[in-house]
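Below is one structure, written out as structure tokens; comments come after it.
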Amino acid sequence: MKQAYNLVWLSPKFVSPESQNTTPFFEPIPLHPLKSMMDAALRNSSADVLLWVDSQRMTSEQMEWLKATAASCPSGNLSVRDLREIPRYRDEKLFNQADNNPHWRQQKQSLIWAQVDTVRVLVVEECLRTGGYDNDLS
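What follows is the structure, given as structure tokens:
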């Protein structure tokens, strides 16, 4: 059985369709956390390291940049997965709301943290359901 090492990155806000091509490019994940993700992939080279993101919370240019950056990981086991591929994520009202709280980083009761905590469970379920991944958590 394969093993998955799941990483989740959610932006609090969505990209509007009208700003899809007018938003100036910036890295969707800061370089320091992205380097840590690549280091995790290198340390876990026998596992599939899956970086789960929401494609509606970044521009298509950012999504392509992120996929190319993940593909450049020397261990070759880091890939980007779109949370929108999971029906329970895509269809759930909780994940289709932006967090407009300007203090979301400090206020742990902010909506984004409920989204992050809940999506972690959905990702594990999705890997077990579709990926043929080992469910031994010992």
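Numbering (the numbering used here), first residue to last: 239 to 376.
Virtual Cβ for every residue (Gly too), placed ideally from N, Cα, C.
Note that the coordinates shown come from a computational prediction; the quantities given were computed from them, not determined experimentally.
| Asked | Found |
| --- | --- |
| At which residues does the beta strand (DSSP E) containing residue 243 begin and terminate? | 242 to 247 |
| DSSP beta-bridge partners for residue 354? | Looking at the DSSP assignment, residue 354 forms no beta bridge with any residue, so it has no partner. |
| Is residue 300 buried or exposed, if buried means 16 or more other CB atoms sit within 10 Å of its CB? | buried |
| Give me the Cβ distance between residue 290 and residue 359, rounded to the nearest whole Å; I'm assuming they're in contact under 8 Å. | Wrong, their Cβ atoms sit about 12 Å apart, outside the cutoff. |
| What first and last residue would you give for the alpha helix (DSSP H) that runs through residue 280? | 269 to 281 |
| With 16 other CB atoms within 10 Å as the buried threshold, where does residue 308 fall? | buried |
| From residue 273 to residue 259, what distance separates their C-alpha atoms? | 27 Å |
| When the Cα of residue 293 is compared with those of 305, 313 and 369, which residue comes out closest? | 305 |
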